[in-house]
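Take a look at the structure set out below.
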Amino acid sequence: AFLEHFALPNVGLFNFLVPYGEFLVGLGLILGTFTTFAALMGFVMNAAFLFSGTVSTNAQMLILEVLVLVA
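Taken in order, the sequence shown gives residues 5 to 75; the numbers are from my numbering.
This is the structure in structure tokens:
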């Protein structure tokens with residue numbers, strides 16, 4: 005329902021938000037600013053990709069993100 009009524013009509017918005025969010029998470033982790041928050045947002049994004057049914061290394065990356073958050 006969400007995909008059909010919100011995500012698909014606004015695909016242009018999501019095509020902008022996803023790479024922008026990935027860039028900000030990477031920048032935060034590389035620069036060391038807001039590291040815990042950046043790792044948490046990376047975790048949330050990765051969990052969303054995992055729950056959407058994407059087949060990739062997301063499950064392994066999710067475990068690594070939990071380790072980064074705990075550290």
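Think of the CB as a built atom: it goes at the ideal place given N, C-alpha and C, for glycine as much as any other residue.
This structure is a prediction, so every number in the text was calculated from the model and none was measured.
- Item | Length of the line joining the Cα atoms of residue 35 and residue 46 | For this step, residue 35 is matched to residue 31 along the sequence shown. For this step, residue 46 is matched to residue 42 along the sequence shown. C-alpha separation (whole angstroms): 15 Å.
- May I ask you to report which of helix, strand or coil DSSP gives residue 32? Residue numbering aside, residue 32 sits at position 28 when the sequence shown is read from its first letter. Of the three classes helix, strand and coil, the one that applies to residue 32 here is helix, per DSSP.
- alpha helix (DSSP H) containing residue 38: first to last residue? Taking the first residue of the sequence shown as position 1, residue 38 is located at position 34. Taken as a continuous stretch (DSSP letters only), residue 38 belongs to no alpha helix (DSSP H), as it is neither H nor E.
- Message: Going by beta-carbon coordinates alone, are residue 43 and residue 74 separated by less than 7 Å?
- Response: Looking up residue 43 in the sequence shown gives position 39. Looking up residue 74 in the sequence shown gives position 70. Cβ atoms of residue 43 and residue 74: not closer than 7 Å.
- Task: Taking residue 39 and residue 33 to be in contact with their CB atoms under 8 Å, please state how far apart those CB atoms are, rounded to whole angstroms.
- Result: Residue 39 sits at position 35 when you count from the first residue of the sequence shown. Residue 33 sits at position 29 when you count from the first residue of the sequence shown. Yes, they are in contact, since the Cβ atoms of residue 39 and residue 33 sit about 6 Å apart, within 8 Å.
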